[in-house]
Ligand code: PMT
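Residue numbers (the numbering used here): 182 to 603.
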């Protein structure tokens with residue numbers, strides 16, 4: 182597959198650095214951005230200058246580093262306002278817990294937060310902190326606030342932390358951050374005008390008023406796909422099963438907690454859709470009859486008859502050509518990933534299928550990351566490394582857009598055959 186990265190040549194990127202041991206990685210980030218042709222300015226919080234000196238960044242960028250919110254530039258203009266207004270993108274890496282809180286609150290007490298507040302350029306934050314700080318509800322609330330502002334978050338990775346412990350909180354690798362910045366430019370608007378339907382989360386099939394048959398799907402994969410589509414300009418409907426994450430803003434949400442409700446919602450929206458991505462974990466079986474009152478212990482065993490649920494995506498696959506959306510399914514497999522994914526692609530009439538592993542040492546369910554292999558009718562198309570689910574979503578949209586556009590490219594009228602010259 183060709184990497185559809187946006188060109189950074191000539192783009193003005195402001196890198197904001199805050200006070201974390203991971204500040205040394207911002208040096209590689211700045212170097213990578215500059216190598217790709219971006220004009221990079223660096224702003225630093227006072228704490229960041231304790232870890233890396235402004236001189237390091239100035240030597241790499243050949244530009245003055247702004248580390249004082251009161252600083253004026255050579256023309257006596259306020260330096261942080263100049264940078265804020267001229268930026269095509271702002272990347273804050275590393276962003277400490279404190280900096281995230283300041284951004285969420287709209288504080289502007291240092292050069293980095295002042296630029297972020299003053300600018301309307303797209304903003305990417307790459308947090309780095311101790312695992313306890315990252316998972317604290319206050320930080321997670323701040324992250325949600327920043328996402329609500331439309332900022333991109335490059336999730337921290339799991340690994341060795343400055344504390345000596347291992348956990349989530351390590352700054353994402355500079356390569357991954359650059360990829361997100363490039364995507365700001367490459368993909369903005371490439372789904373403009375498309376109606377996209379994404380299903381996410383699991384279904385719960387009632388046994389009685391309090392019990393159900395369900396699964397552990399968190400909805401993270403489907404939500405990342407919906408968010409990425411929204412950010413690329415699509416009009417998105419999210420058909421939400423039971424999820425442990427909130428649905429994204431700016432998309433229409435249809436709640437569907439059972440397979441029957443999901444079928445109804447998907448079939449209703451599929452006919453007007455250009456693309457349907459079924460990332461939901463739909464229960465394949467449901468109790469034949471749900472008891473209307475709570476089943477009591479009877480001293481013995483209980484048998485529940487299960488019936489097969491309709492295969493929703495296969496039903497959409499049977500829609501007539503011209504009304505059927507471009508169809509992307511997921512295959513969640515504990516064994517024989519490739520063989521099972523390929524047969525699902527064929528049996529369900531899909532355009533693409535995304536295979537991921539569940540129930541083993543790595544389990545895609547509930548994880549913030551995923552490792553997927555994508556298959557089309559001609560075989561394996563992509564085998565990506567372990568990536569944050571948002572990046573899986575972006576790469577998947579690259580593939581979908583490419584194939585969808587090719588399939589829907591206006592046919593060129595045939596040229597009339599020229600008479601041969603004699
Ligand atoms: O939600 P997360 O915690 O982020 O986890 C993500 C995930 C692992 C659930 C997701 O990546 C995933 O694999 N989703 C599909 C799970 C699944 O149901 O796979 P399957 O192999 O059983 O089904 C194949 C395809 O048919 C899927 O697209 C499914 O949505 C669809 N299906 C399945 C059964 C059914 N009755 N109707 C369907 O449409």
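For glycine and all other residues, C-beta sits at the position ideal for the given N, C-alpha and C. Nothing here was measured: the structure is a model prediction, and the numbers come from that model.
If you check the C-beta of residue 291 against ligand 1, you find no heavy atom less than 8 Å away. Proximity to residue 195 across 265, 216, 217 and 231 peaks at 265, based on C-alpha coordinates. For residue 193, the enclosing beta strand (DSSP E) covers residues 193 to 198. Looking from the CA of residue 221, the closest CA among 415, 243 and 228 belongs to 243. Look at residue 400: its beta carbon is less than 8 Å from one of the heavy atoms in ligand 1. The three-state secondary structure of residue 502, taken from DSSP, is coil. Secondary structure note for residue 376: its beta strand (DSSP E) is the uninterrupted segment 376 to 381. Residue 418 is bridged by DSSP to 378 and 433.
Residue pairing for residue 225: DSSP places it in a beta bridge opposite 198.
Listed in chain order, the non-local C-beta contacts of residue 490 below 7 Å within the same chain comprise 440, 463, 464, 465, 466 and 467, local neighbours out to five positions each way being set aside.
Not one heavy atom of ligand 1 is found less than 8 Å from the C-beta of residue 516. Going by DSSP, residue 537 is part of no alpha helix (DSSP H) but of the beta strand (DSSP E) stretching over 533 to 538. Three or more Cβ pairs closer than 8 Å define a contact, and the stretch 423 to 432 falls short of that threshold against the stretch 308 to 324. Inside the stretch 422 to 490, DSSP marks whole beta strand (DSSP E) runs of 3 or more residues at positions 433 to 436, 456 to 459, 466 to 468 and 487 to 489, from first to last along the chain.
Distance between residue 345 and residue 229, taken at the CA atoms: about 21 Å.
Between the alpha carbons of residue 351 and residue 310 lies a distance of about 7 Å. With a cutoff of 9 Å on beta-carbon distance, residue 437 and residue 497 are scored as not near each other. In the three-state DSSP reduction, residue 583 falls in the helix class (H, G or I). An exposed status is given to residue 202, since fewer than 16 other beta-carbon atoms sit within 10 Å of its beta-carbon.
Taking the C-beta atoms as reference points, residue 428 is found no nearer than 9 Å to residue 501. Boundaries of the beta strand (DSSP E) around residue 557: 553 to 557.
In terms of Cβ geometry, residue 383 and residue 370 do not form a close pair [threshold 9 Å]. By the Cβ-count criterion, residue 511 is buried, with 16 or more other Cβ atoms from all chains shown falling within 10 Å of its own Cβ. Pairing residue 341 with residue 302 gives a Cβ-Cβ distance that is not under 9 Å. At a cut-off of 4 residues, the continuous stretches assigned as alpha helix (DSSP H) that sit fully inside the stretch 243 to 305 are 260 to 267, 278 to 286 and 292 to 299. Collapsing the DSSP output to three states places residue 235 in a helix.
For residue 408, the enclosing alpha helix (DSSP H) covers residues 401 to 412. Under the DSSP assignment, residue 561 falls in the beta strand (DSSP E) whose first and last residues are 560 to 564. For ligand 1, no non-hydrogen atom lies closer than 8 Å to the CB of residue 571.
Residue 576 sits in a helix when the DSSP states are folded into three classes. Residue 537 sits away from residue 559, with the two beta carbons spaced by 9 Å or more.
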